[in-house]
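In my numbering, the protein residues as written are -3 to 239. For every residue, glycine included, the Cβ atom is placed at its ideal position computed from N, Cα and C. Input: a single structure, listed below in structure tokens.
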């Protein structure tokens, strides 16, 4: 199973994400590094042995301010093998620009997806392996502006995306991010029963027990931040996953 650390960037600095209340996010304080500078945080993860990274560019998601230079620097200056990034709304042109920075995968979140047609158009022009779709949840409910998705159960939405040709999914419970309340195992189980593509889980990961339970359930990877920054999950705890 892959353990994927998360960097949330707002105003050019790494912030501590808590329950999706983005306007209340504060600059990160971490036992891993002295500064909330995204490059320094990324390098701290690299030193721990992580080979994957998830970046949420909140300036892009919230205000449409895409920072291509930051993405390029994150790839070049951290040397992390695989970086996936969520920058909000997408077009083929924007997607191409992001991939040219060296970013490995682009996350298309239901939060900012306007129409399933938008996703289909991107998948027609970009290799499906480069696209990861995130089921963004608030208290177990799908967060989306997409009319085609609003009334559908989560397991049906996940099947729909797989039928579109999506090769990897994320289920991200925003209301649990940074809370230490534990992931929504019931939602994860329902989705796993319906899909045949890898599933990454994010939101509320507390400890190694959560990670091991998700691994046993068949989850492909987990997104984690707070439990690393507060020291509840340490490098030595993750040896079996970091190789």
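Three-state secondary structure (DSSP) of residue i
i	result
residue 86	coil
residue 37	helix
residue 52	strand
residue 132	strand
residue -2	strand
residue 137	strand
residue 6	strand
residue 78	strand
residue 207	helix
residue 94	helix
residue 28	coil
residue 173	coil
residue 180	coil
residue 47	coil
residue 238	helix
residue 143	helix
residue 230	coil
residue 63	coil
residue 116	helix
residue 122	coil
residue 154	helix
residue 42	helix
Straight-line gap, residue i to residue j (C-alpha atoms, nearest Å)
i	j	result
residue 2	residue 112	26 angstroms
residue 84	residue 219	18 angstroms
residue 176	residue 227	12 angstroms
residue 13	residue 204	20 angstroms
residue 19	residue 96	30 angstroms
residue 156	residue 30	43 angstroms
residue 193	residue 41	27 angstroms
residue 123	residue 91	11 angstroms
residue 9	residue 128	24 angstroms
residue 199	residue 38	19 angstroms
residue 147	residue 191	19 angstroms
residue 69	residue 154	33 angstroms
residue 59	residue 15	19 angstroms
residue 182	residue 7	35 angstroms
C-beta atoms of residue i and residue j nearer than 7 angstroms
i	j	result
residue 217	residue 0	yes
residue 35	residue 73	yes
residue 234	residue 214	no
residue 140	residue 106	yes
residue 150	residue 195	no
residue 133	residue 169	yes
residue 197	residue 208	no
residue 11	residue 24	yes
residue 103	residue 115	no
Sheet register partners of residue i (DSSP bridge)
i	result
residue 127	102
residue 23	11
residue 167	131 and 197
residue 191	Its beta-bridge partners do not exist; DSSP assigns none.
residue 219	0 and 198
Minimum Cβ-Cβ distance from residue i to chain C less than 7 angstroms
i	result
residue 9	In the structure shown, chain C cannot be found, because there is only a single protein chain.
Buried/exposed call for residue i, threshold 16 Cβ in 10 Å
i	result
residue 79	buried
residue 86	buried
residue 159	exposed
residue 135	exposed
residue 101	buried
residue 173	buried
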